[in-house]
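Enquirer: I am attaching a structure below and will ask some questions about it afterwards.
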Amino acid sequence: MSPLEQPELDQLSAEILQDLSQTAYACASLIPLSGGTCNFVFRGALAQPLSIGRDDVKLTKSVIVKHTTNFVSANRNFPLDASRCIFEESMLEALDSLKPSSTPHQFTIKTPRLYLFNRETNTQVHEDFTDTTDLKSVFISQNANDIRSQSVATSIGHALGAWTRSFHSWASAPAQAQLRTEIANNKLMRELKLKITYDSFVGVLEKFPDILGHNREVLEEVKASALGEFGGPVANIGGDYWGIIHGDFWAGNVLVPNALLPKLEAINLVVIDWELAQIGHRAYDLGQMLGDLYERKHFKNVDGAVWAIEGFLEGYGPLDDDFAFRTAIHTGVHVLGWYNRRNPAAALRGTPEQIQSFVTFGRDLILKGWEKDKKWFEHSVFASLFQNS
Numbered sequence: 149m150s151p152l153e154q155p156e157l158d159q160l161s162a163e164i165l166q167d168l169s170q171t172a173y174a175c176a177s178l179i180p181l182s183g184g185t186c187n188f189v190f191r192g193a194l195a196q197p198l199s200i201g202r203d204d205v206k207l208t209k210s211v212i213v214k215h216t217t218n219f220v221s222a223n224r225n226f227p228l229d230a231s232r233c234i235f236e237e238s239m240l241e242a243l244d245s246l247k248p249s250s251t252p253h254q255f256t257i258k259t260p261r262l263y264l265f266n267r268e269t270n271t272q273v274h275e276d277f278t279d280t281t282d283l284k285s286v287f288i289s290q291n292a293n294d295i296r297s298q299s300v301a302t303s304i305g306h307a308l309g310a311w312t313r314s315f316h317s318w319a320s321a322p323a324q325a326q327l328r329t330e331i332a333n334n335k336l337m338r339e340l341k342l343k344i345t346y347d348s349f350v351g352v353l354e355k356f357p358d359i360l361g362h363n364r365e366v367l368e369e370v371k372a373s374a375l376g377e378f379g380g381p382v383a384n385i386g387g388d389y390w391g392i393i394h395g396d397f398w399a400g401n402v403l404v405p406n407a408l409l410p411k412l413e414a415i416n417l418v419v420i421d422w423e424l425a426q427i428g429h430r431a432y433d434l435g436q437m438l439g440d441l442y443e444r445k446h447f448k449n450v451d452g453a454v455w456a457i458e459g460f461l462e463g464y465g466p467l468d469d470d471f472a473f474r475t476a477i478h479t480g481v482h483v484l485g486w487y488n489r490r491n492p493a494a495a496l497r498g499t500p501e502q503i504q505s506f507v508t509f510g511r512d513l514i515l516k517g518w519e520k521d522k523k524w525f526e527h528s529v530f531a532s533l534f535q536n537s
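Following the numbering used here, the numbering of the sequence shown begins with 149 at its first residue and continues without gaps.
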């Protein structure tokens with residue numbers, strides 16, 4: 149890992165401040181935000197507070213400033229095409245027409261407004277949601293008793309599932325035909341998603357030969373099938389379950405209030421980070437979220453993650469068997485991707501027993517999903533995948 153040195157970061161901040169100084173979003177200062185690995189993200193204190201909004205005009209004192217480069221912010225030696233921010237612009241502008249989703253518990257789920265985008269400098273200015281943290285951090289926090297209660301965790305999962313279904317439906321509607329054409333061009337992010345999922349999971353299992361066992365042939369079939377879909381023309385991909393997906397849908401890209409209300413009243417959730425939006429199977433969004441939540445349960449023993457899984461699947465609604473099995477396969481692929489979602493120089497997280505069982509579970513999700521072994525799933529944490537079968 150080779151991040152920018154502090155003098156380089158200071159210079160970058162100065163350049164961004166200068167860039168914004170000629171706009172309505174001129175900032176007095178920029179504070180770097182942690183959590184992101186691909187972009188340089190700051191909270192900008194506006195030099196002059198602004199009244200922003202349509203139906204909900206409010207005085208805004210800060211914004212989120214997102215600057216994209218041709219490498220990931222956490223490692224300058226990892227190239228990543230900066231064009232990804234153009235597709236995020238397209239998504240955020242279009243999502244402004246998707247009305248915030250409300251639930252029986254008065255959860256509201258929305259996406260950030262894009263206030264400004266400078267294509268010459270690849271700098272975006274987004275709506276700031278102060279006093280929030282990402283859902284992953286909440287689940288692993290020592291002080292997250294509220295969200296670890298069954299009612300809150302289930303309700304948050306349900307709200308996210310219902311919103312995901314509404315987003316997928318909205319993205320497939322005739323009104324979004326032009327958006328689908330635009331997002332189909334985000335081929336570099338499709339290639340990245342393939343690289344970090346189906347193109348790498350067999351390699352992870354090779355590091356655990358006893359777990360790989362005699363399953364290579366079947367697992368290579370799974371890989372080849374995915375390579376065929378990712379490698380083919382997007383125009384040839386069709387069907388009820390294909391369309392625009394978020395592309396990086398995990399708990400770290402969902403913001404929740406710092407102070408969750410035990411009575412579940414008027415809680416706002418925000419889905420962020422849309423640069424990996426692409427044409428794909430909806431199972432990719434579901435499987436990534438499910439795999440990520442299960443990771444919290446496995447390594448941190450967070451029961452709330454399991455309740456959120458159950459709520460999420462109930463909120464998303466019925467899946468036919470093909471969709472459910474594909475979701476299970478992608479969940480397993482995401483589970484195995486855990487091995488690579490770390491600093492390569494860092495040790496693996498967890499005890500040897502936890503690591504072995506986690507990798508085994510990821511392998512089994514893929515195998516049993518590919519073999520369509522519904523009975524196996526009935527006794528797993530993902531039994532709810534088949535709740536309507």
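We treat Cβ as the ideally placed atom computed from N, Cα and C, and that holds for glycine.
Rounded to whole angstroms, what is the Cα-Cα separation between Asn-384 and Asn-334?
Expert: Summary for Asn-384: the model assigns pLDDT 49, below 50, so the residue's position carries little reliability; its value from the coordinates is reported in the next sentence. Looking at the two C-alpha atoms, the distance is approximately 15 Å.
Enquirer: How many Å lie between Ile-359 and Gly-376 at the Cα?
Expert: When rounded, the distance between both Cα atoms is 26 Å.
Enquirer: To the nearest angstrom, report how far apart Trp-398 and Asp-167 are at their CA atoms.
Expert: The alpha-carbon atoms of Trp-398 and Asp-167 are separated by roughly 32 Å.
Enquirer: Which value, in whole angstroms, describes the spacing of the CA atoms of Gly-400 and Phe-356?
Expert: Their Cα atoms are separated by approximately 28 Å.
Enquirer: Kindly give me the distance between the Cβ atoms of Ala-301 and Trp-455, rounded to whole angstroms, as I take these residues to be in contact under 8 Å.
Expert: Indeed they touch by this definition, with Cβ atoms about 4 Å apart.
Enquirer: Just reading off the beta strand (DSSP E) that Val-131 is part of, what are its end residues?
Expert: What the structure shows of the chain is the stretch from 149 to 537, and residue 131 is not part of that stretch, so it cannot be assessed.
Enquirer: In whole angstroms, what separates the C-alpha of Ser-373 from that of Tyr-346?
Expert: Straight-line Cα distance between these residues: approximately 9 Å.
Enquirer: Do Pro-405 and Ile-415 have their C-beta atoms closer together than 8 Å?
Expert: In contact: Pro-405 and Ile-415 (Cβ atoms closer than 8 Å).
Enquirer: Measure the alpha-carbon distance for Gln-290 versus Pro-180 and round it to whole angstroms.
Expert: Roughly 24 Å between the two C-alpha positions.
Enquirer: Provide the residue span of the beta strand (DSSP E) that contains Cys-175, from first to last.
Expert: Taken as a continuous stretch (DSSP letters only), the beta strand (DSSP E) holding Cys-175 covers 175–180.
Enquirer: Measuring CA to CA, which of Leu-157, Ile-457 and Thr-216 is closest to Phe-265?
Expert: Nearest C-alpha to Phe-265: Thr-216.
Enquirer: What is the DSSP secondary structure of Ser-249, reduced to helix, strand or coil?
Expert: DSSP places Ser-249 in strand when its eight states are reduced to three.
Enquirer: In chain order, what residues of the same chain lie with their CB nearer than 6 Å to the CB of Asp-276, ignoring the 5 residues before and after it?
Expert: So the qualifying residues of the chain are Ser-210, Val-211 and Ile-212.
Enquirer: What is the residue span of the alpha helix (DSSP H) that Lys-355 lies within?
Expert: Element bounds for Lys-355: n/a, residue is neither H nor E.
Enquirer: Taking all protein chains shown into account, decide if Glu-443 is buried (16 or more other Cβ within 10 angstroms of its Cβ) or exposed.
Expert: Its Cβ being crowded by 16 or more others within 10 Å, Glu-443 is buried.
Enquirer: Can you tell me where the alpha helix (DSSP H) with Lys-214 in it begins and where it stops?
Expert: Per DSSP, Lys-214 belongs to no alpha helix (DSSP H); it is in the beta strand (DSSP E), 206–215.
Enquirer: Could you check what DSSP says for Ser-199 in three-state terms: helix, strand or coil?
Expert: In this structure, Ser-199 counts as strand in the three-state DSSP scheme.
Enquirer: Please look up how many angstroms separate the CB atoms of Asn-112 and Leu-424, rounded, as I've assumed it's under 8 Å.
Expert: Outside the modelled stretch of the chain, which goes from 149 to 537, sits residue 112, for which no answer is possible.
Enquirer: According to DSSP, simplified to helix, strand and coil, what is Ile-489?
Expert: Here residue 489 is Arg; the residue named in the question, Ile, does not match the sequence. Correct three-state label for Arg-489: coil.
Enquirer: Report, in whole angstroms, the separation of the C-beta atoms of Val-418 and Leu-441, which I expect to be a contact under 8 Å.
Expert: About 18 Å; that fails the 8 Å criterion.
Enquirer: From Glu-236, Cys-186, Ile-288 and Pro-260, pick the residue whose C-alpha is nearest to that of Asp-451; which is it?
Expert: Comparing Cα positions, the closest option is Ile-288.
Enquirer: Contact check, Glu-268 vs Trp-422 under 8 Å by CB: the rounded distance?
Expert: About 21 Å separates the two Cβ atoms, so there is no contact after all.
Enquirer: Kindly indicate the opening and closing residues of the beta strand (DSSP E) around Tyr-263.
Expert: Per DSSP, Tyr-263 belongs to the beta strand (DSSP E) from 262–266.
Enquirer: Enumerate in chain order the residues of its own chain whose CB-to-CB distance from Lys-523 is below 7 Å, with the five nearest sequence positions on each side excluded.
Expert: No residues qualify anywhere along the chain.
Enquirer: From Ile-503 to Leu-484, what distance separates their C-alpha atoms?
Expert: Rounded to whole angstroms, Ile-503 to Leu-484 spans 10 Å at the Cα level.
Enquirer: Report yes if the CB atom of Ile-200 is closer than 8 Å to the CB atom of Leu-178, and no otherwise.
Expert: No, the Cβ-Cβ distance between Ile-200 and Leu-178 is not below 8 Å.
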